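In my numbering, the protein residues as written are 13 to 140.
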């Protein structure tokens with residue numbers, strides 16, 4: 013039976029944290045990319061029924077959410093030191109977009125995707 017040194021234990025713990033961090037980043041990256049696609053699709057492919065219920069501000073919010081999600085994904089891929097801050101802002105906008113989409117029966121998929129993205133971005137923004 014081998015005895016791990018404090019240094020070895022610390023290295024295992026750090027490796028576990030890095031794996032968890034990498035997994036969280038991958039989840040967040042995928043959520044941001046998916047949210048970008050769904051919000052753009054929703055903004056440009058609005059059904060006539062949904063268009064009657066949506067205000068111009070709602071369409072603008074969909075596009076802003078899509079672009080912020082793409083920015084967040086890009087900065088994560090680039091390893092930017094500002095990822096946590098961008099993810100925090102992205103989460104806030106996704107939550108707002110989720111609330112607006114929840115108000116429209118035709119926009120439930122978008123609401124769900126925005127919620128998932130917000131949750132992932134909130135987790136990323138709180139990582140140290």
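For glycine and all other residues, C-beta sits at the position ideal for the given N, C-alpha and C.
Nothing here was measured: the structure is a model prediction, and the numbers come from that model.
Exposure of residue i, with buried meaning 16 or more beta-carbon neighbours within 10 Å
i           : result
residue 110 : buried
residue 70  : buried
residue 68  : exposed
residue 73  : buried
residue 88  : buried
residue 24  : Note that residue 24 has pLDDT 37, beneath the 50 cutoff, so the model's placement of it is unreliable and no number is given.
residue 120 : exposed
residue 127 : buried
residue 103 : buried
residue 90  : exposed
Any chain D beta carbon closer than 8 Å to residue i
i          : result
residue 49 : Absent from the structure is chain D; it holds one protein chain and no more.
Start and end residues, alpha helix (DSSP H) containing residue i
i           : result
residue 70  : 68-90
residue 100 : 95-114
residue 132 : 120-137
CB-CB length for residue i against residue j, believed under 8 Å
i           : j           : result
residue 123 : residue 113 : 4 Å
residue 135 : residue 36  : 6 Å
residue 84  : residue 44  : 5 Å
residue 137 : residue 96  : 5 Å
residue 106 : residue 40  : Their Cβ separation, rounded to whole angstroms, is 11 Å, which puts residue 106 and residue 40 out of contact at 8 Å.
Legend entry - Stretch pair the stretch 65-84 + the stretch 32-51: three plus CB contacts closer than 8 Å: yes
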